[in-house]
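Visitor: One structure, as structure tokens, below. Some questions next.
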Amino acid sequence: MTTAIDLDKLDLAALLCSRVCHDVISPVGAIVNGLEVLEDEDDPAMKSFALDLIAKSARQASARLQFARLAFGAAGSAGAQIDTGDAEKVARGFIEDDRTSLTWQLPRVLAPKNKVKLLLNLLVVATSTIPRGGRLSVEENGTGEEGGFRLSTQGSHSRIPPHLVALLAGEAQEGGSLDAHAIQPHYTGLLARATGYGISLAHEGDAVTILVARG
């Protein structure tokens with residue numbers, strides 16, 4: 001049995017903050033560890049390792065913060081537009097690594113802020129369908145400002161995570177509670193409804209398709 005999620009605005013803000021902190025705490029912690037190695041070690045090889053760790057982790061933390069700024073932050077005043085080229089840049093920094101690739105097939109345009117935020121959050125949702133990495137692509141579903149998106153993922157052990165569809169629809173399992181992980185798909189659903197889009201998911205073989213169209 002599912003029930004509609006009734007979340008206080010303060011709780012929503014707190015959980016989104018927790019999500020952002022969760023995403024950046026690991027690379028920031030690695031930077032701290034690298035600095036401790038530099039302080040305590042005299043071995044040149046260890047110092048070189050520590051410097052590489054610090055540089056890699058700093059880039060990762062920066063990429064995650066830049067992504068969060070567009071995906072969760074205000075990113076300008078009400079009614080502002082966002083360059084989808086900027087969205088592509090932060091998406092690649094956040095998603096691409098040695099396990100996951102991103103194919104971006106969207107035109108570069110100025111799009112309404114909440115529509116771009118929806119797209120970025122959908123990319124996070126899409127990565128949850130390929131827990132071991134794989135290929136992710138995004139393209140238009142329709143054209144123009146009213147058009148939506150088609151996201152496709154392919155990878156081993158692909159899946160639609162439990163409760164994902166319900167969370168996107170603003171529903172929770174009976175007795176369930178939202179945490180820093182569940183808040184992101186719930187927030188994605190809020191953005192979809194605010195912008196007038198519906199979201200559908202399909203899983204076939206090792207591929208998952210997410211279609212976003214006017215509801």
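The UniProt record's numbering puts the first residue of the sequence shown at 1, with every later residue one more than the last. Beta carbons are placed, not taken as given, at the ideal position from N, Cα and C, and that holds for glycine.
1. Please confirm whether residue 65 and residue 32 have their CB atoms less than 8 Å apart.
2. Starting from the Cα of residue 129, find the closest Cα among 202, 40, 59 and 148 and give me that residue.
3. Determine the direct distance from the alpha carbon of residue 108 to that of residue 145, and round the result to whole angstroms.
4. Excluding sequence positions up to five away, which residues of its chain have a Cβ less than 8 Å from the Cβ of residue 189?
5. For residue 87, which residues from the same chain have a beta carbon less than 7 Å from its beta carbon, with the 5 sequence-adjacent residues on both sides left out?
6. Spatial neighbours of residue 180 within its chain, please: C-beta separation below 7 Å, excluding the five flanking residues on both sides.
7. If you draw a straight line from the alpha carbon of residue 125 to that of residue 6, how long is it in whole angstroms?
8. Given residue 207, which residues of its chain have a CB within under 6 Å of its CB, disregarding the five upstream and five downstream residues?
9. Using DSSP with H/G/I as helix, E/B as strand and the rest coil, what is residue 93?
10. Return yes when the Cβ of residue 156 is within less than 8 Å of the Cβ of residue 134, no when it is not.
11. In chain order, what residues of the same chain have a beta carbon less than 7 Å from the beta carbon of residue 105, not counting five sequence neighbours either side?
Guide: Per the coordinate set shown:
1. no
2. 202
3. 12 Å
4. 167, 168, 169, 170 and 199
5. 70, 116, 119 and 120
6. 15, 18, 19 and 22
7. 21 Å
8. 154
9. helix
10. yes
11. 137, 138 and 139
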